[in-house]
Structure formats: structure tokens, C-alpha cells
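S.K.: Going by numbering that gives the first Met the number 0, the sequence shown opens with residue 0, and the numbers climb by one from there.
For glycine and all other residues, C-beta sits at the position ideal for the given N, C-alpha and C.
All values derive from a computational prediction rather than experimental measurement.
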Amino acid sequence: MSTASQVGILDIIALLKHATMSASYKPALLRAIVECVQRNRIENGRILLVDLAEQFLGMYWTQTVVFRFRHSPRTAAQPEIVQRMSEVADATGIRQADLLPAMVRTKLVTQLSRVLTINVLQAFHTSKPVQMSPLYSWEKEDDSIEVSVESEQFIRANAEALKLIANYYWARFLTRLNASPRLIDKIERDKPRRAALHGVAAAMVARGETMCFYCGVNVGPLNRIHVDHFIPWTFVFEDKPWNLVAACEPCNLKKADTLPAEPYLQRLIELNRRRWSLNENRTSFMAAGVNPEEQLKELYGLALSAEWPAGWAAVVP
0 MSTASQVGIL
10 DIIALLKHAT
20 MSASYKPALL
30 RAIVECVQRN
40 RIENGRILLV
50 DLAEQFLGMY
60 WTQTVVFRFR
70 HSPRTAAQPE
80 IVQRMSEVAD
90 ATGIRQADLL
100 PAMVRTKLVT
110 QLSRVLTINV
120 LQAFHTSKPV
130 QMSPLYSWEK
140 EDDSIEVSVE
150 SEQFIRANAE
160 ALKLIANYYW
170 ARFLTRLNAS
180 PRLIDKIERD
190 KPRRAALHGV
200 AAAMVARGET
210 MCFYCGVNVG
220 PLNRIHVDHF
230 IPWTFVFEDK
240 PWNLVAACEP
250 CNLKKADTLP
260 AEPYLQRLIE
270 LNRRRWSLNE
280 NRTSFMAAGV
290 NPEEQLKELY
300 GLALSAEWPA
310 GWAAVVP
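Rendered as C-alpha cells:
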């Protein structure tokens, strides 16, 4: 086993490459330790478990609540960290971790700290063929882990490489369980933000798309149009023009992250054919040789196979 001064990138790769992972805790813990060091959440060589738990909250909340990743092949037996977050999200109806009330967040972080001591920290130390103890040490009753001076220097010098390694092995694990486009991009972002789509709304008005795609109500003028991702953004994770439609505020809010019922898919295909007839849209719709009709059908089917909430339909006035 390496000493604290000898731990290197190859040790970390060997740990994650050869580890038996029934959950994604190992790459998550590596990334959490690195980010705590980067954010100076380390004092006198120690990182508090609550600070590690905060990192786990940010990473797993986004993956579990926002992107709806599965973290175990057994639907009824997801890892405890995932279960805890799902319970809080279901009870509060909150989709962003930053919006959790302080008391709820504190209680959840305390629960996650307990899970770290039971299911995570010890697993790193007993992994074969390479153990993680060169990077940190931890005793069962401690409320923190100890990071040696040498390990802290190693982490700071190699932080971005270590996060890339963690994300790579995390993505490898999750890809086996999730039919999700741009999965590694989703893993890399704890706080994903959508781009502003004001220009898209203006283009819709210019093309005469001023009726709600779902219920048909007039949504003109421009400041009343809501640009909606037909296949939810949290699944596709991009703003392709052939997946964007004009919507009224009630439909946009009620649909939320749900997949519309299948008849709407054919309606959007027909809308995109009309859009395609406008010369100025050919480049954006056929960029990189992608056929929007085929990709829409493929992504819609992929979302259904991923058991994404589906079947939403508007109430037509």
C-alpha cells in the first residue's frame, strides 16, 4: 500500500477502475474531497463530514431530483443517499437544493453525514486492490476526515484531473443504468442553468408562431410567449430549435418536466416541416447533418424507455 507521500494519479485510477461499485459513492467521495480542498473547506488538515455531506447534497440532488438518474439496477432499493433526497423532494415539492428551507437542509445534511460514516468512508478504505487510505484517514467516531499535508498538496496540484477521473468513472457506472443523453455533461454540473431564450421567442413571433402549441390560446405579443422544451430540458440538456415551441404560461407551468402525450409529437414534427420550408431555418435545423424529425422520435422514445414522467396533455379552452 502506498504511503501518504506516494499517492498518485495512477493509484486513484486503479482504485476506481478495479473497485466493485454497487453505487456511485466512490467517485462521488473523491470529487467531494477535492472540491472541499479547492473551496478551502479544510482546516488544520481536517474536513468536516458535514462539509462532505454538503458536497454530496449538491451532486446527488441534481442527479436524482433534476435529472432523475437511477443509481442502482434495483428500482426499489436505490442507495440510501438517493432515497433520503427523493423523500425530501417528494415531501417539499422543491426541485432545487438551493431553495430548501434551512431547517430541512440541515436535517438532510445530518442524515447524509450519518450515511457517509456507515456506507461510504469505510468502503474506500477496504477497496481492493488499492486502498484510499493514502489520501485520507478516518476513525469511526470522528466527525471529520484527516488529510495529510502531502495529500492536500497532491489534491491541490491535481484537482481538475482528479475531478475528471471521478466524473469519468461516475459516468461509466451511471451509463449502465440510465438512457440519458449528454450524461457526463449532467454529472459535471451541480447547479445547471438554462440559457435565456429571448431570441428564440422573437424568431417564433417572426414566423407567426403566436398560438400556444399545446392548447391553442393566443400568446402574442412577444412578452407573453413562454418558450417550452417539448422534450424536457432536464432530459435533453440542450436548446435545439426543433425541440422548442411557443406556450402560454399555464401550459408551461403545468407541463413542467413532463413528456407530452404522443399525439403532440406528430404535431411538432409537422410544425418543424413548416419551419424547414423557411430557408433561413435550414442551417439551424440541419446542423451537423442531424435530421430533427429522426432525432425527435429517437429522444422521445429514449425518454419513454427511461421511464420519464409522460402523457401530459393540455386542457383546451
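Please list the segments of the beta strand (DSSP E) lying wholly inside the region 286-316, counting only runs of 3 or more residues, in order along the chain.
M.R.: Segments of the beta strand (DSSP E) lying fully in the region 286-316: 309-311.
S.K.: How would you write the range of the beta strand (DSSP E) that E145 sits in, first residue to last?
M.R.: S143 to E145 is the span of the beta strand (DSSP E), which, as asked, contains E145.
S.K.: Looking at the secondary structure, which residues open and close the beta strand (DSSP E) in which D227 lies?
M.R.: Segment H225 to H228, the beta strand (DSSP E) holding D227.
S.K.: Should R67 go down as buried or exposed, given a rule of 16 or more other Cβ atoms within 10 Å for buried?
M.R.: Classification for R67: buried.
S.K.: Per DSSP, what are the beta-bridge partners of L47 in this structure?
M.R.: BP columns for L47 point to S143.
S.K.: Does DSSP put S179 in a helix, in a strand, or in coil?
M.R.: Coil, per DSSP.
S.K.: Based on the DSSP output, what are the partners of S136 in its beta bridges?
M.R.: Beta-bridge pairing links S136 to E145.
S.K.: Is it buried or exposed for K194, if we count other Cβ within 10 angstroms and need 16 for buried?
M.R.: A quick correction: the sequence has Ala, not Lys, at residue 194. With fewer than 16 Cβ atoms within 10 Å of its Cβ, A194 is classed as exposed.
S.K.: Could you pull the start and end residues of the alpha helix (DSSP H) that V244 belongs to?
M.R.: Looking at the DSSP string, V244 is not in any alpha helix (DSSP H); the run it does join, the beta strand (DSSP E), is L243 to A246.
S.K.: Going by the beta-carbon positions, is the gap between F172 and L111 smaller than 9 Å?
M.R.: No, they are not a contact pair.
S.K.: Helix or strand or just coil, what does DSSP make of N39?
M.R.: In this structure, N39 counts as coil in the three-state DSSP scheme.
S.K.: To the nearest angstrom, report how far apart L47 and Y213 are at their CA atoms.
M.R.: If I take the Cα positions, the gap works out to 50 Å.
S.K.: Using the C-alpha atoms, what's the distance from V148 back to D227?
M.R.: Using only the alpha carbons, I get a separation of about 50 Å.
S.K.: Rounding to the nearest angstrom, what Cα-Cα distance links R69 and N177 in this structure?
M.R.: Each residue's Cα considered, the two are about 6 Å apart.
S.K.: Bridge partners for M210 per DSSP, in chain order?
M.R.: M210 is bridged to N217.
S.K.: Do the region 74-87 and the region 198-208 touch if we need at least three Cβ pairs shorter than 8 Å?
M.R.: Short answer: they don't touch.
S.K.: Taking Cβ to Cβ, would you say I309 is nearer than 9 Å to A302?
M.R.: Before going on, a small fix: residue 309 reads as Ala here, not Ile. In this structure, A302 lies closer than 9 Å to A309 by Cβ.
S.K.: Have a look at P26 and V108 and give me their C-alpha separation to the nearest angstrom.
M.R.: Spanning the two alpha carbons is a distance of roughly 19 Å.
S.K.: Looking at P231: is its Cβ nearer than 9 Å to the Cβ of A255?
M.R.: In this structure, A255 lies closer than 9 Å to P231 by Cβ.
S.K.: Is any non-hydrogen atom of the ligand SAH found closer than 8 Å to the C-beta of K25, if you look at the structure I gave you?
M.R.: No copy of the ligand SAH occurs in the structure displayed, which carries no ligand at all.
S.K.: Report the rounded CA-to-CA distance for P128 versus F153, giving the unit in angstroms.
M.R.: In this prediction, P128 scores a pLDDT of 49, lower than 50, which makes its location untrustworthy; the coordinate-derived value is nonetheless stated afterwards. Taking the straight line from one Cα to the other gives about 21 Å.
S.K.: Does the beta carbon of T174 sit closer than 9 Å to a beta carbon anywhere in chain B?
M.R.: Reference to chain B is not applicable here, since this structure consists of a single protein chain.
S.K.: So L14 packs on A31, CB below 8 Å; how close in whole Å?
M.R.: 15 Å between Cβ atoms; not a contact.
S.K.: Do you know whose CA, among I117, R175 and L29, lies nearest K139's CA?
M.R.: Closest option to K139, Cα to Cα, is I117.
S.K.: Excluding the 5 residues preceding and the 5 following T233 in the sequence, name in chain order all residues of the same chain whose CB lies nearer than 7 Å to its CB.
M.R.: Around T233: V65, F66 and D256.
S.K.: F229 and V182 - do their beta-carbons sit closer together than 9 Å?
M.R.: Checking the sequence shown, residue 182 turns out to be Leu, not Val. No; because the gap between Cβ atoms is not below 9 Å, this pair is not in contact.
S.K.: Just the Cα atoms here: how many angstroms apart are L252 and Q121?
M.R.: Taking the straight line joining both Cα atoms gives about 44 Å.
S.K.: Sort E269, R273, E297 and L264 by Cα distance to W311 and report the nearest one.
M.R.: Looking at the Cα atoms, L264 is the closest of the given residues.
S.K.: Quick one: what does DSSP say L196 is sitting in, helix, strand or coil?
M.R.: Three-state result, L196: coil.
S.K.: Roughly how many angstroms lie between the CA atoms of I268 and E292, to the nearest whole one?
M.R.: In a straight line, the C-alpha of I268 is about 6 Å away from that of E292.
S.K.: Assuming A170 is part of the alpha helix (DSSP H), what are its boundary residues?
M.R.: That run of the alpha helix (DSSP H) goes A158 to T174.
S.K.: Considering only C-alpha positions, which residue in the set E151, L99, R83 and T63 is nearest to N43?
M.R.: Minimum Cα distance to N43 is reached at E151.
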